[in-house]
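Comments concern the structure below.
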């Protein structure tokens, strides 16, 4: 690979594409806690209530006739940020997918 591409060793990888990487004796562990905090701050959700279980799998979401219109670009940005977070947070995949529909 060094023949085709210019490469250099820059030390142990600890952060890559929003993923925190911990290399220990018993394995390699990924975390996105820093990214999650940045998303919370970006969308002004610091004082929001949080839950251990994001959403029941039996919950049915439906369009509310009297609901307010939302800014589509902002909503897509929020969903995109959450979709990227599902890389390391499998537990939120169902909830994010339901909201993305």
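In this note's numbering, the protein residues as written are 402 to 502. Even glycine gets a Cβ: it sits at the ideal position worked out from N, Cα and C.
Cα-Cα separation between residue 448 and residue 402, rounded to whole angstroms: 48 Å
Inter-residue Cα distance where the pair is residue 486 and residue 437: 7 Å
Residue ranges of each alpha helix (DSSP H) within the region 424-477, 4 or longer: 434-443
Between the CA atoms of residue 488 and residue 410 - distance to the nearest angstrom: 26 Å
The region 440-459 / the region 467-483 touching (three or more Cβ pairs under 8 Å): Yes, since at least three Cβ pairs between the region 440-459 and the region 467-483 fall closer than 8 Å, the two stretches touch.
Distance between residue 501 and residue 473 (C-alpha atoms, nearest Å): 12 Å
Range covered by the alpha helix (DSSP H) that runs through residue 489: No alpha helix (DSSP H) contains residue 489, which DSSP labels as neither H nor E.
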